[in-house]
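Numbering (our numbering), first residue to last: 14 to 247.
Even glycine gets a Cβ: it sits at the ideal position worked out from N, Cα and C.
Some notes on the structure that comes next.
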């Protein structure tokens, strides 16, 4: 249904844009943002890896809590478990044919990305990718919660330097389970880089500089996260 909605929007001349975050970071963020965390990360992953139907996944067309290749499943509109390659091909085809703009979340604040979005798509003022006026905020307001769950999340962040070491085996497992999304993420990264590279050089006569991605394909992809106190890989 989501892919069909994207296709219908394309036919109505909307600007269709998607932002892909590094897949394993997305899972960790989902855990940290959960409205109620009564489980540690390993227990939460286990509980949300049970066969559907389960909470967050009805086993048919509705799932908002999915830990395995959610980008590929949503964009492809199919879930061929015996041979997943067609799913990845279909998802890549969706990126190529449905979306006007494909952005990597880790590069969203890059001056080159900002300049590209401003000049070609969204029409807001900037100077070499630097915005002097306040950025528009399109995020939905969310009721602020003060609770024991919030305290747990704060505690997780305060001990974040040990988080990946404590749950190393969980991250390794999630990496294996999300190989399709990792492939799709790097395909999208190539498209993003290609879209902004020549424009940045033509206008600034300087090499394109983008932050390093969390990991390279086929590398241990669970060793660095966007936690306070961690250092991104070079």
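Could you pull the start and end residues of the beta strand (DSSP E) that residue i belongs to?
| i | result |
| --- | --- |
| residue 37 | Looking at the DSSP string, residue 37 is not in any beta strand (DSSP E); the run it does join, the alpha helix (DSSP H), is 36-46. |
| residue 221 | No beta strand (DSSP E) holds residue 221; DSSP gives it neither H nor E. |
| residue 117 | 114-117 |
| residue 78 | Per DSSP, residue 78 belongs to no beta strand (DSSP E) and is neither H nor E. |
Could you give the C-beta distance for residue i and residue j, rounded to a whole number, given that I count them as a contact under 8 Å?
| i | j | result |
| --- | --- | --- |
| residue 180 | residue 62 | Incorrect: roughly 14 Å between the Cβ atoms, too far for contact. |
| residue 88 | residue 16 | 6 Å |
So the candidates are the options; which of them puts its Cα closest to the Cα of residue i?
| i | options | result |
| --- | --- | --- |
| residue 200 | 216, 219, 105 and 66 | 105 |
| residue 142 | 34, 223, 99 and 28 | 223 |
| residue 129 | 99, 66 and 207 | 207 |
| residue 134 | 27, 64, 17 and 52 | 27 |
| residue 195 | 81, 137 and 18 | 81 |
| residue 111 | 209, 227 and 23 | 23 |
Please state whether DSSP places residue i in a helix, a strand or coil.
| i | result |
| --- | --- |
| residue 143 | strand |
| residue 121 | coil |
| residue 33 | strand |
| residue 216 | helix |
| residue 184 | helix |
Residue range of the alpha helix (DSSP H) that residue i falls in?
| i | result |
| --- | --- |
| residue 108 | 98-110 |
| residue 21 | 15-24 |
| residue 54 | 54-60 |
CA-CA distance, residue i and residue j?
| i | j | result |
| --- | --- | --- |
| residue 178 | residue 185 | 11 Å |
| residue 25 | residue 31 | 17 Å |
| residue 125 | residue 91 | 34 Å |
Using a Cβ-based criterion (distance less than 7 Å to any ligand heavy atom), does residue i qualify as near the ligand ADP?
| i | result |
| --- | --- |
| residue 15 | Ligands displayed in this structure: none; no statement on the ligand ADP is therefore possible. |
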